[in-house]
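Please read the structure below before turning to the comments.
2 protein chains.
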Amino acid sequence: MNSTLHLRIRSNIQKQILSGSWPPGYRIPFEHELVARYRCSRMTVNKAIASLVSAGLIVRRRRAGSFVAEPRVQSAVLEIPDIRAKIEERGQTYSLQLLSRRRRKPAGRREYERTLAAGGDLLAVRCLHLANGRPYALEERLISLVAVPEAASIDFSLEPPGSWLLRHIPWTEAEHRIRAIDASEEEADLLELSSHRACLELSRRTLRGPEHITRVRLLFPGSGFDLVAHFAPLGK
Amino acid sequence: MNSTLHLRIRSNIQKQILSGSWPPGYRIPFEHELVARYRCSRMTVNKAIASLVSAGLIVRRRRAGSFVAEPRVQSAVLEIPDIRAKIEERGQTYSLQLLSRRRRKPAGRREYERTLAAGGDLLAVRCLHLANGRPYALEERLISLVAVPEAASIDFSLEPPGSWLLRHIPWTEAEHRIRAIDASEEEADLLELSSHRACLELSRRTLRGPEHITRVRLLFPGSGFDLVAHFAPLGK
DNA sequence: TAGTGGTCTAGACCACGGT
DNA sequence: CCGTGGTCTAGACCACTAA
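Here it is as C-alpha cells:
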C-alpha cells in the first residue's frame, strides 16, 4: 500500500477498474462521497482522480459524474533508444563509420527537403553504427543549417549526429514512422546482410515549434533489433 | 493563451524550456517566487509545475529547487490500431478469414505457453485480416481459457479475436515487441507476397495483474503498413 | 435549475536533503 | 540547520450541463 493518501485513493480506484469490478461506463463515486469515505478534503480526492484522468482511465462530465473510460485503441510508450547508449549498455563496443557528409541545397523536387532547409542549406550525413565492429544500423540524416548552423563545423566521425543534436537542441517534438522494408543491394552490402534482407526502418522528423530541425532514416537489420514498448494504464 | 491560471503558468514555463532559454539543468524560479510573480496561491503554482514534472520536462529536488530535466531517451506514444477499425476508417471493406481454431494443451517445451495456460487449456486461433478482399495481416493468437473461459464458445469468424477481447477484458496491461522479419513460404503465400518478403511483426503479451490473458503475433506486409508515433513533451 | 466538477485561496505541518 | 517541495485542509465561487 502506498504512503500518501491521494496515492492510496488513486490505487484503490484503479484496482476496481483494472480488476473489472468497475467496467467501462461505470459511474465511480462522486467526489463528495469519496471525501466522506476517506474523511479527507475534496482537493485530495480531486488529485487522485485527476491523475487517473490523465492516465486515460477515467472521463469526467460535469453534473453527471466521473466514469470509467471506454478502452481506446491500444497505446503504448515506445522508447526510442540512443543507439550508442544502447550498444554500450549491452557491454559491446560502439563505433561509428562516417560514410559521407556534405553540404548541399535541397533537391528541388522534394517538398520536405525545401521545408526542412527553410531557404538555406542542408547538411546530409550518412553513417554506419557498429557494435563490436559489426554493422548495427545505417543512418541517413538531413540537418537544417538554418536551424542548427553550428552543425556545419562538426564532422560527426566521433560523436553520432543523433547524440550531438540531442545535446545541442534538446526538448524538441518528433514524429516517427516505423516500417518493414527490404534493404536495397547497396544497403544490404553495407549492413552485411546475406539472404535475409528484411529491415526495420525508423523515420523521424524533428521540430522545435514551427522550425524544422532534422530528418533521419535509420535502417536496422531485422534479425538484430527489437523495439519494445510497454503499455500500462499507470501514468504517473 | 490559455484560460485558467495554472495552465497559463504552465505554458509560460514550458515556453522557456522548449525555446531553449532555460536549458537542461537550469533552476526554474522557486514556488514562492512564482507565487509572488503571478500573485496566486502556492497550490496553483504547484499544479502547474506538477504537470510539467509528469510530462518529464522538470525534475524537483527538495531544498534545492526545480530544474529543467536532462532530455532522456526519445520516447513516443505509439498507437496500436484496432485492425478492423483502421481498415474501415480508410473507407475499405474489412473481412476476416478464420484459418484455424482449436482448443489444446500447452506445448510442454514452450515455457510461455505453460505460463499462459495456467494449468488449463489454450485456445489457438489463426486468422487473416483482409482489406477490400486483399490480405492485410496474419494473426496468430493464443488465449488462456482459464482467464477467459467464455472464449471457448466464440467462433471468431465474424468478430476478430482482438476486438472481442477488448470488449470483454478491457483495461489490461500489455508488452509489445516490434521486429522486421522475412515471411516464411507459407506466410508469404497467405499474405500473397511475391518478391518482397519483409514484414513487420508485432508481438503482444497481455496481462491483467498477475493473470496472463493472451498472446498474439501479427504479421503485416511491409509495403502496406505503417506505425506512426508522435512525441511531444506536452503531456496533459 | 440544481448539482457536478473546475478552479483557486490562505493557510498548515512535515520530510527531506543541501549548506 | 533551515528552506525547499510534498501533502493536506476547509473553505469559496463559478461554469457547465444533465435532468
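Sequence lines, in order, name chains A and B.
Quick note on numbering that gives the first Met the number 0: the first sequence kicks off at 0 and runs consecutively.
Quick note on numbering that gives the first Met the number 0: the second sequence kicks off at 0 and runs consecutively.
Note that CB positions come from ideal geometry on N, CA and C, so glycine has one too.
Under three-state DSSP, which class holds residue i?
{"i": "residue 192 of chain B", "result": "coil"}
{"i": "residue 186 of chain A", "result": "helix"}
{"i": "residue 233 of chain B", "result": "Because the pLDDT at residue 233 of chain B is just 46, under 50, the model does not fix this residue reliably, and the value given afterwards should be weighed accordingly. The answer is coil: DSSP assigns residue 233 of chain B none of H, G, I, E or B."}
{"i": "residue 158 of chain A", "result": "coil"}
{"i": "residue 19 of chain A", "result": "coil"}
{"i": "residue 101 of chain A", "result": "strand"}
{"i": "residue 82 of chain B", "result": "helix"}
{"i": "residue 69 of chain A", "result": "coil"}
{"i": "residue 40 of chain B", "result": "coil"}
{"i": "residue 168 of chain B", "result": "coil"}
{"i": "residue 7 of chain A", "result": "helix"}
{"i": "residue 52 of chain B", "result": "helix"}
{"i": "residue 92 of chain B", "result": "coil"}
{"i": "residue 64 of chain B", "result": "strand"}
{"i": "residue 33 of chain A", "result": "helix"}
{"i": "residue 150 of chain B", "result": "helix"}
{"i": "residue 115 of chain A", "result": "helix"}
{"i": "residue 106 of chain A", "result": "coil"}
Quick one: residues in its chain with C-beta nearer than 6 Å to the C-beta of residue i, no 5 flanking neighbours on either side, listed in chain order?
{"i": "residue 58 of chain B", "result": "66, 68"}
{"i": "residue 41 of chain B", "result": "30, 34"}
{"i": "residue 204 of chain A", "result": "174, 214"}
{"i": "residue 177 of chain B", "result": "201"}
{"i": "residue 25 of chain A", "result": "67"}
{"i": "residue 47 of chain B", "result": "5, 8, 9"}
So is residue i buried or exposed if we call it buried at 16+ other beta carbons inside 10 Å?
{"i": "residue 124 of chain A", "result": "buried"}
{"i": "residue 135 of chain B", "result": "buried"}
{"i": "residue 171 of chain B", "result": "buried"}
{"i": "residue 20 of chain B", "result": "exposed"}
{"i": "residue 118 of chain B", "result": "exposed"}
{"i": "residue 63 of chain A", "result": "exposed"}
{"i": "residue 87 of chain A", "result": "exposed"}
{"i": "residue 22 of chain B", "result": "exposed"}
{"i": "residue 157 of chain A", "result": "exposed"}
Among the options, which has the Cα closest to the Cα of residue i?
{"i": "residue 195 of chain A", "options": "B:189, B:182, B:190", "result": "B:182"}
{"i": "residue 199 of chain B", "options": "A:221, A:98, A:82, A:116", "result": "A:221"}
{"i": "residue 169 of chain B", "options": "A:8, A:13, A:9", "result": "A:13"}
{"i": "residue 207 of chain B", "options": "B:152, B:193, B:146, B:56", "result": "B:146"}
{"i": "residue 210 of chain B", "options": "A:1, A:17, A:8, A:11", "result": "A:17"}
{"i": "residue 140 of chain B", "options": "B:44, B:215, B:47", "result": "B:215"}
{"i": "residue 186 of chain A", "options": "A:217, A:178, A:175", "result": "A:217"}
{"i": "residue 151 of chain B", "options": "B:61, B:103, B:55", "result": "B:103"}
{"i": "residue 5 of chain B", "options": "B:25, B:36, B:23", "result": "B:36"}
{"i": "residue 73 of chain A", "options": "B:63, B:78, B:88", "result": "B:78"}
{"i": "residue 165 of chain B", "options": "A:88, A:85, A:71, A:158", "result": "A:71"}
{"i": "residue 43 of chain B", "options": "B:15, B:55, B:60, B:3", "result": "B:3"}
{"i": "residue 9 of chain B", "options": "B:25, B:24, B:32, B:49", "result": "B:49"}
{"i": "residue 143 of chain A", "options": "A:54, A:100, A:116", "result": "A:116"}
{"i": "residue 75 of chain B", "options": "B:85, B:39, B:55", "result": "B:55"}
Ordered along the chain, which non-local residues of its own chain (more than five positions away) have a Cβ less than 7 Å from that of residue i?
{"i": "residue 127 of chain B", "result": "96, 98, 134, 137, 189"}
{"i": "residue 94 of chain B", "result": "129, 132"}
{"i": "residue 180 of chain A", "result": "198, 200"}
{"i": "residue 83 of chain A", "result": "93, 159, 162"}
{"i": "residue 51 of chain A", "result": "9, 12, 13, 57"}
{"i": "residue 192 of chain B", "result": "182, 220"}
{"i": "residue 114 of chain A", "result": "211"}
Who pairs with residue i in a beta bridge, going by DSSP?
{"i": "residue 134 of chain A", "result": "A:129"}
{"i": "residue 181 of chain A", "result": "A:197"}
{"i": "residue 220 of chain B", "result": "B:198"}
{"i": "residue 210 of chain B", "result": "B:207"}
{"i": "residue 74 of chain B", "result": "A:78"}
{"i": "residue 121 of chain B", "result": "B:103, B:143"}
{"i": "residue 57 of chain B", "result": "B:67"}
{"i": "residue 27 of chain A", "result": "A:65"}
For residue i, which residues of its own chain have a beta-carbon under 8 Å away from its beta-carbon, when the five flanking residues on both sides are left out?
{"i": "residue 112 of chain B", "result": "105, 106, 121, 141"}
{"i": "residue 45 of chain B", "result": "30"}
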